[in-house]
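Written out below as structure tokens is the structure these notes cover.
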Amino acid sequence: MTISPISPRPSHFAGAATLALLLSLSGPALAQVDLQKSTVDARFKQMNMPFDGQFKRFDAQIAFDPVKPSNSSAKITVDTGSYDLGNPSLNKAVRGKDGFDAAHYAHATFVSSSVVPAGDGEYSVTGRLTIRGKTQDVVVPVSMTEQGGTRVFDGRLPVRRRGFGIGQGKWADTAVLADEAVIEFHLVVAK
């Protein structure tokens, strides 16, 4: 029996070329996010006193195309049970059923639907924010700076907590817990 070497057929090249074209049209690749240098925070006021907390566990998937920002995308998922105000009793309250209700709604997410340039290094990112099972369309102003081999994305989004069902029971009163909260993020991403 004679075994002859397999010679490439034109159909193999066409298939590989088609795959390469599809991959190039699918948008930018996901960049590596440095979770050690990145932060996601939420700030609010209780009885007019400011409180700042940080989500200790989160994931961010960023695909950024500086040439064609409309090809860019972002998904940020935070573990609501990791929200930390630096005080165990406050943490328990805000993670509990009247707050994030982390036992039933373990994650909050933002998923972008469009990225539009808004000036030098500034972008308007439209997407859907889901907290406590409630979803709202939001627009997040984001600034991007390049620092060596990284891109840094900073954003700040004011939200109305009651629209997401945060602050039930005694926390529903806006005189006790302000309706406005601010979500801020600082994401360090490899180029």
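Letter by letter, the sequence shown follows residues -31 to -1, 1 to 160 of mature numbering (1 follows the signal peptide of the UniProt record, and there is no 0). Ideal Cβ placement from N, Cα and C applies to all residues, glycine included.
Distance from residue 154 to residue 8 at the Cβ level is roughly 7 Å; contact confirmed, criterion being Cβ atoms closer than 8 Å. With contacts defined by Cβ atoms closer than 8 Å, residue 74 and residue 97 do not form a contacting pair.
Closest by C-alpha distance to residue -3, out of 106, 30 and 10, is 30. A Cβ-Cβ separation of about 7 Å places residue 95 in contact with residue 81 under the 8 Å criterion. With a 10 Å radius around the Cβ and a threshold of 16 neighbouring Cβ atoms, residue 138 comes out exposed. Using a 10 angstroms sphere on the CB of residue 70, the tally of other CB atoms reaches 16 or more, which defines it as buried. According to the DSSP secondary-structure assignment, residue 158 is paired through a beta bridge with 2 and 120. Between residue 10 and residue 27, the C-beta gap is not smaller than 8 Å, which leaves the two residues out of contact. By DSSP's assignment, residue 48 forms a beta bridge with 76.
If you draw a straight line from the Cα of residue 60 to the Cα of residue 54, it comes to about 6 Å. In the structure shown, residue 110 falls within a strand segment according to DSSP collapsed to helix, strand and coil. Just so you know, the alpha carbons of residue 5 and residue 25 end up roughly 10 Å apart.
In this model, residue 156 and residue 122 are separated by some 5 Å (Cα to Cα).
The C-beta of residue 41 has 16 or more other C-beta atoms within 10 Å across all chains shown, which makes the residue buried. Around the Cβ of residue 124, a 10 Å sphere holds 16 or more other Cβ atoms; the residue is buried. If you look at residue 62, you'll find it in the alpha helix (DSSP H) that goes 57 to 64. Going by beta carbons, residue 84 and residue 38 fall inside the 8 Å limit. The beta carbon of residue 150 is closer than 7 Å to those of 11, 12, 13, 128 and 130 in its chain, skipping five residues each way along the sequence. Collapsing the DSSP output to three states places residue 39 in a helix.
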